[in-house]
Structures are given as C-alpha cells and as structure tokens.
Ligand code: ADP
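Residue numbers (the working numbering): 996 to 1237.
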C-alpha cells in the first residue's frame, strides 16, 4: 500500500516538474528566439549588415545557451544524475579566477584571499560555476559602481568563500525560498533576466561536494552568500604531520 502511495506521489512530483518546466521554458526560451529572429530578419530586409543587430544576436544566443545548460543540469540534479569529476583543486585559485573574470563587468570588485592554497576534493568545472553563479547574482542585484567583495578564509578543516554585495538585498519572507527551483523574489525581474535556477543549481552542487551554503541579507542594503567546503582529508592529514 505504502509503495502505491509513494509511486503516486513520485508521479505527481514529476508531473509538477514537467508543468513548471513547460511554463518556464515556453516563456524564457521564446524571448531570446524572438529577438534573434527579429534582428536577423531586419538585416535580411534591409540587405545590410548591422553591428548592433549582430551584437544582440550573439548576446541572446549566449543567454539561450546558458539557459539550456542550466535546464539540462537542473534535470540531471532532479534525477539524481549529477556526475562529478573529483580531483584535488585549490579553492583560493578558483575563487580568484572567477572574481577576476567578473571584474571586467564590475571593476569595483575586490578579492581577499589568504596566501596559502586551500585544497579540496572537487569537480573544478562545477566549483567555478558555483562562484560564477554567485558573482553574477552579486553584480545583477547591486547598482553599477558598488563594491562586490570575494573573501576566502580557511579555518577548522574548512574553507569559506563569502561573496558580499551592497545591492537590493532579500526580504525576510523571500530568504527561505531563494534556493528553491524557479524561485525569484518580488522585483527580481526589474533587476535583470533570470529564471530562478542559478541558486538551486549552486546549492545542489555545493551539497554534492559535502559542503553547505548560507545567506545573510538585509533588504535595501545587500547580501552575503557563503560557501563552506571541507578541506581535502589527504591535505589536512599531511599538514597535521608536518
Ligand atoms: P535568478 O537570478 O535567475 O532569478 P537565482 O536562483 O540565481 O535566479 O536567484 C533566485 C532569486 O534570489 C533571485 O531571483 C533574486 O530574487 C534572489 N537573489 C539571488 N541573489 C541575490 C543577491 N545577491 N541579491 C539580492 N537578491 C538575490
């Protein structure tokens, strides 16, 4: 009997996911396709090249690509099929690299890291995606020219990467939901495009590495997202014997 109930509730959860996916996909995937098609048709009708149209087409195609990647990753996570290629990697270098890449968009971004490496066992591609997602949000939800800080600290066999912005912040009502799939807080769409998958994916990747992520935020003042990861056991043991 309990198997039947479980089976029905699994099916309902799957149907709800499919429904959410279709509602989101039809809207969010349609938009860039419409813009790409519009600019291509404009150039075709005029019979002339437009730098602005080509830039828009490239930007929208990139956006579409990221959206599709996020949807594929979210569906892998849902099906418990997230595959990690684990190897020892230096979180200090990974966080620094992600921060430096984002400096092109936000020159006031600051990076504070300890001099020594912090080695964790992780999938480096996914880990960099975690930092890139949090940095993208920090920039998207804060005013141009305001400071974004990336801070790495090592303590008690763990490494912590905190990303702080001085932006719109998150209301106490919205805060418990920011890691939910497809969740966007009220007013988020006026700050920039998004579908509410970034933090869901970020959280699940961090959890899959045995870590955790937490957020402290004040509406109208800004937010700090902190990723905590266990240091590689091999490295910790090596340091203890040194
Ligand atoms: P998206 O940015 O695509 O909406 P996310 O999953 O990355 O989706 O974030 C979920 C929601 O959490 C956002 O819509 C926004 O309301 C809120 N949020 C995330 N990061 C920040 C931030 N740094 N400052 C303020 N709000 C944020």
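We put the beta carbon where it would ideally sit given N, CA and C, even for glycine.
Within the DSSP secondary-structure output, residue 1221 pairs in a beta bridge with 1157 and 1209. When secondary structure is reduced to three states using DSSP, residue 1120 falls in the helix class. A distance of 9 Å or more separates the beta carbons of residue 1147 and residue 1083. According to the DSSP assignment, residue 1082 belongs to the beta strand (DSSP E) that extends over 1082-1085.
Secondary structure of residue 1149 (DSSP, three-state): strand. Straight-line measurement puts the Cα of residue 1121 at about 27 Å from the Cα of residue 1014. Here residue 1114 is not near residue 1012, since their CB atoms are 9 Å or more apart. At a Cβ-Cβ threshold of 9 Å, residue 1116 and residue 1170 do not count as neighbours. Short note on residue 1126: C-beta not closer than 8 Å to any heavy atom of the ligand ADP.
Residue 1204 is classed as buried because its beta carbon has at least 16 other beta carbons within 10 Å across all chains shown. When the alpha-carbon of residue 1101 is set against those of 1068, 1136 and 1185, the nearest one is in 1136. Taking C-beta separations shorter than 8 Å and ignoring five residues to either side along the sequence, the partners of residue 1189 in its chain run 1135, 1179 and 1183, following chain order. Counting other Cβ atoms within 10 Å of its Cβ, residue 1152 stays below 16 and is therefore classed as exposed. Taken atom to atom, the span from the alpha-carbon of residue 1193 to that of residue 1133 is near 12 Å. Taking C-beta atoms as the reference points, residue 1221 and residue 1156 count as a pair closer than 9 Å.
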